[in-house]
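Chemist: Read in our numbering, the sequence shown has 148 at position 142, and its numbers run on one by one without any break. The structure follows.
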Amino acid sequence: MAPVAAEEIFDMPAYRPPHIPASEITPRDIYMSRRNFMGAAAVAGFAFAGADSAFAAPLTASPSAYKVDEKLTPKEAVTTYNNFYEFGVNKDDPAANSGDFKPTPWSVKVDGMVGKPKEFGHEELMKMNLEERTYRMRCVEGWSMVIPWIGFPLSALLDQVDVLGSAKYVSFETVVRPEEMPGQKGFFQPLPWPYIEGLRLDEARHPLAILAVGLYGETLPNPNGAPIRLVVPWKYGFKSSSRSSRRRPGRMPTPANTASIPTSTRRSITRAGARRRNSGSAKAASSVPTVARPCRSTVMPIRWRASMTAST
């Protein structure tokens with residue numbers, strides 16, 4: 007038998023989706039009007055569960071110098087390919103199962119080792135100085151996305167509660183709503199609820215750490231952690247908890263702090279006063295985590311019952 011050239015083996019036709027002319031794409035204003043009409047039809051006996059909560063609203067923000075010079079990941083991929091176990095363990099579960107989740111009203115409680123404990127309402131959070139920052143989110147599963155987030159520095163929130171000098175860590179606790187989050191129902195659960203993550207206080211105050219309230223010029227959709235989520239670009243995605251309702255500065259590191267910290271920072275967790283290697287530099291973004299824990303959503307889940315606990 008004559009040898010077959012490699013190009014003959016791999017010369018397979020590539021699939022190309024059909025081209026849709028711009029003239030055939032429904033304008034947003036008409037689409038939204040039609041959606042409102044369909045919502046009204048529910049009164050006549052049609053049910054559209056969670057329709058309103060699944061759509062985002064336009065959001066304005068100032069441009070920021072903090073951004074990566076890389077091509078943005080398509081919005082459709084960012085909003086439909088997520089790890090968000092509160093809605094299911096498959097990548098498409100958050101988009102399919104988050105329609106009943108109600109992101110408003112919302113508040114973030116900050117207590118623990120602070121001089122001025124405070125509960126921030128959603129409206130107050132949306133009045134912060136919002137910036138658009140383009141970060142690359144990396145997952146321990148081996149994939150990444152480049153996302154234009156809209157939010158404000160986490161430090162801006164911490165500054166309002168007078169974190170005590172003895173505080174060293176901040177814990178983030180997410181919401182528990184099994185009636186709205188089907189992944190929290192049942193006997194066998196992929197994670198204990200509420201989902202709790204943590205950062206060292208110096209990491210929480212890092213200028214790159216933000217609380218995101220939107221992406222792609224709109225408020226966060228449910229699959230991406232509406233109404234607010236933590237984004238820590240130099241760490242893997244599971245550190246960027248979503249739907250946090252509580253943050254607590256404290257003295258002791260959480261189990262999440264010590265179990266999922268990049269190698270370059272783990273020593274400074276176990277030895278008080280140690281200086282983080284590559285602190286504040288772009289090199290810190292290349293740190294490799296010590297455990298392969300599934301990353302939360304590309305836009306991690308976050309409904310914070312914000313609790314910041316300070317510890318020494």
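Using N, Cα and C, we set each Cβ at its ideal position, and we do this for glycine too.
Check whether the segment 183-193 and the segment 153-160 touch, using three or more Cβ-Cβ pairs below 8 angstroms as the test.
Modeler: Flag = no, the segment 183-193 and the segment 153-160 do not touch.
Chemist: Could you tell me which residues DSSP pairs with Glu137 in its beta bridges?
Modeler: Partner(s): Ser68 and Gly157.
Chemist: Helix, strand or coil: how does DSSP classify Leu236 here?
Modeler: Three-state result, Leu236: strand.
Chemist: Helix, strand or coil for Glu82 per DSSP?
Modeler: Note: Glu82 maps to helix in three-state DSSP.
Chemist: When you compare only the Cα positions, how much space is there between Ala57 and Leu236?
Modeler: Low confidence applies here, because Ala57 scores a pLDDT of 33, under 50, leaving its location unreliable and the question unanswered by this model.
Chemist: Between Val120 and Val167, how many whole angstroms is the CB-CB distance? I'm expecting something under 8 angstroms.
Modeler: Contact holds; Cβ gap of about 4 angstroms.
Chemist: Output yes or no for whether 8 angstroms exceeds the beta carbon distance between Leu207 and Lys174.
Modeler: Against a cut-off of 8 angstroms, the Cβ pair of Lys174 and Leu207 comes out as a contact.
Chemist: Compare the C-alpha of Gly105 against each of Leu217, Leu78 and Thr85 and name the closest.
Modeler: Considering only alpha carbons, the answer is Thr85.
Chemist: Can you find at least 3 beta carbon pairs, one from the segment 60-72 and one from the segment 131-149, that sit closer than 8 angstroms?
Modeler: As far as the Cβ criterion goes, the segment 60-72 touches the segment 131-149, which means the pair count is three or higher.
Chemist: Helix, strand or coil, according to DSSP, for Ile36 in the structure here?
Modeler: Residue placement at Ile36 is poorly supported in this model, since its pLDDT is 48, which falls under 50; the coordinates still yield a value, given next. Helix at Ile36.
Chemist: If you draw a straight line from the alpha carbon of Ala218 to that of Leu226, how long is it in whole angstroms?
Modeler: Distance between the alpha carbons of Ala218 and Leu226 is about 8 angstroms.
Chemist: Please report whether the beta-carbon of Met119 lies at a distance below 8 angstroms from any beta-carbon of chain B.
Modeler: The structure shown contains no chain B, having only a single protein chain.
Chemist: Find out if the Cβ-Cβ distance for the pair Pro184, Ala101 is shorter than 8 angstroms.
Modeler: Against a cut-off of 8 angstroms, the Cβ pair of Ala101 and Pro184 comes out as no contact.
Chemist: What does a CB cutoff of less than 7 angstroms around Phe93 pick up in its chain, not counting 5 residues either side in sequence?
Modeler: Here the set comprises Asp99, Pro100, Asn103, Ser104, Met187, Pro188 and Gly189.
Chemist: Taking only the alpha-carbon atoms, compute the straight-line gap between Thr110 and Ala63 and give it to the nearest angstrom.
Modeler: Looking at the two C-alpha atoms, the distance is approximately 13 angstroms.
Chemist: Does DSSP put Tyr175 in a helix, in a strand, or in coil?
Modeler: Reduced to three states, the DSSP call for Tyr175 is strand.
Chemist: Apart from the five residues just before and just after Ala262, which ones in its own chain have a Cβ nearer than 7 angstroms to its Cβ?
Modeler: Summary for Ala262: the model assigns pLDDT 44, below 50, so the residue's position carries little reliability; its value from the coordinates is reported in the next sentence. Once the five neighbours on either side are set aside, the close Cβ partners of Ala262 are Ile202, Glu203 and Gly204.
Chemist: Roughly how far, in whole angstroms, is the beta-carbon of Tyr91 from the beta-carbon of Leu197, given that I think they are within contact range, below 8 angstroms?
Modeler: About 6 angstroms; that satisfies the 8 angstroms criterion.
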